[in-house]
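Each residue of the sequence shown is one higher than the last, beginning at 1 in UniProt numbering.
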Amino acid sequence: MSPRRSAAEALGTRSAILDRSVAIASAEGLEGLTIGRLALELDMSKSGVLGHFGTKEALQLAVLERADEVFRAEVWEPARQAAPGLPRLRVLCEAWISYLEREVFPGGCFFVAAAHEFDGRPGPVRDAVEARFAAWRARLRKEARRAAEAGDLPSGTDADLLAFELTGLVMALNHAVQLHRDPEAGHLARRAVRARLGG
Numbered sequence: 001m002s003p004r005r006s007a008a009e010a011l012g013t014r015s016a017i018l019d020r021s022v023a024i025a026s027a028e029g030l031e032g033l034t035i036g037r038l039a040l041e042l043d044m045s046k047s048g049v050l051g052h053f054g055t056k057e058a059l060q061l062a063v064l065e066r067a068d069e070v071f072r073a074e075v076w077e078p079a080r081q082a083a084p085g086l087p088r089l090r091v092l093c094e095a096w097i098s099y100l101e102r103e104v105f106p107g108g109c110f111f112v113a114a115a116h117e118f119d120g121r122p123g124p125v126r127d128a129v130e131a132r133f134a135a136w137r138a139r140l141r142k143e144a145r146r147a148a149e150a151g152d153l154p155s156g157t158d159a160d161l162l163a164f165e166l167t168g169l170v171m172a173l174n175h176a177v178q179l180h181r182d183p184e185a186g187h188l189a190r191r192a193v194r195a196r197l198g199g
């Protein structure tokens with residue numbers, strides 16, 4: 001076996017482990033990941049699974065990174081081509097709502113679930129979750145400021161407050177979809193976005 005083929009196979013195996021791990025962690029939490037379970041489900045040895053990551057914490061961090069890649073593809077990429085400011089903010093909100101409605105992750109928003117699981121547990125995993133929320137809030141604030149500067153939102157719009165409200169709105173949607181299975185949740189979320197952003 002050539003070194004190139006061996007490396008490609010290792011990357012493929014690592015990717016398969018991460019895909020299964022994201023699905024499990026979405027529904028059962030990052031602590032629900034066990035090396036034994038992954039080995040059994042993927043027909044691998046425990047040492048084979050562990051060899052790709054080294055520790056359970058390293059696996060959890062890699063799973064967060066994979067989930068972030070999915071979130072960016074689902075929510076950020078659709079908005080990248082939209083004009084900065086209010087148009088992009090609207091596309092971001094619609095993509096965010098659609099991502100939750102379609103249950104891209106089996107357990108709803110991966111990062112909302114991870115935040116509930118780790119918010120009171122200091123360490124690298126909590127820090128990684130918090131950093132992703134901070135980056136997302138910063139992106140929302142940036143677009144809100146651009147919208148206000150362009151006159152598309154009322155003068156004096158508080159970008160920090162708007163980002164906070166939009167984040168809370170989507171967390172409420174996640175709750176309505178996952179806990180209550182409310183078929184009207186997406187419609188209500190869109191109404192709330194229109195009430196806040198106009199249009």
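Built from N, CA and C at the ideal position, the CB exists for glycine as well.
Query	Result
The alpha helix (DSSP H) with SER45 in it runs from where to where?	Element bounds for SER45: n/a, residue is neither H nor E.
For the alpha helix (DSSP H) that contains PHE71, what are its first and last residues?	56–71
For PHE118 and ALA185, what's the separation of their Cα atoms in angstroms?	26 Å
In chain order, which alpha helix (DSSP H) runs of at least 4 residues are fully inside the stretch 122–184?	124–149, 159–178
Cβ atoms of ALA83 and VAL91: under 7 Å apart, would you say?	no
Would ARG14 and HIS52 qualify as a contact pair, given that the criterion is a beta-carbon distance under 7 Å?	yes
Where does GLY168 land, buried or exposed, given buried means 16+ other C-beta within 10 angstroms?	exposed
Taking the alpha-carbon positions, what's the ALA195 to LEU153 distance?	12 Å
Using the Cβ count rule (16 or more neighbours within 10 Å means buried), how would you classify GLU31?	exposed
With H, G and I counted as helix, E and B as strand and the rest as coil, what does DSSP make of PHE118?	helix
Do you know offhand how far THR157's Cα is from GLN178's?	32 Å
Return yes when the Cβ of ILE97 is within less than 7 Å of the Cβ of ALA189, no when it is not.	yes
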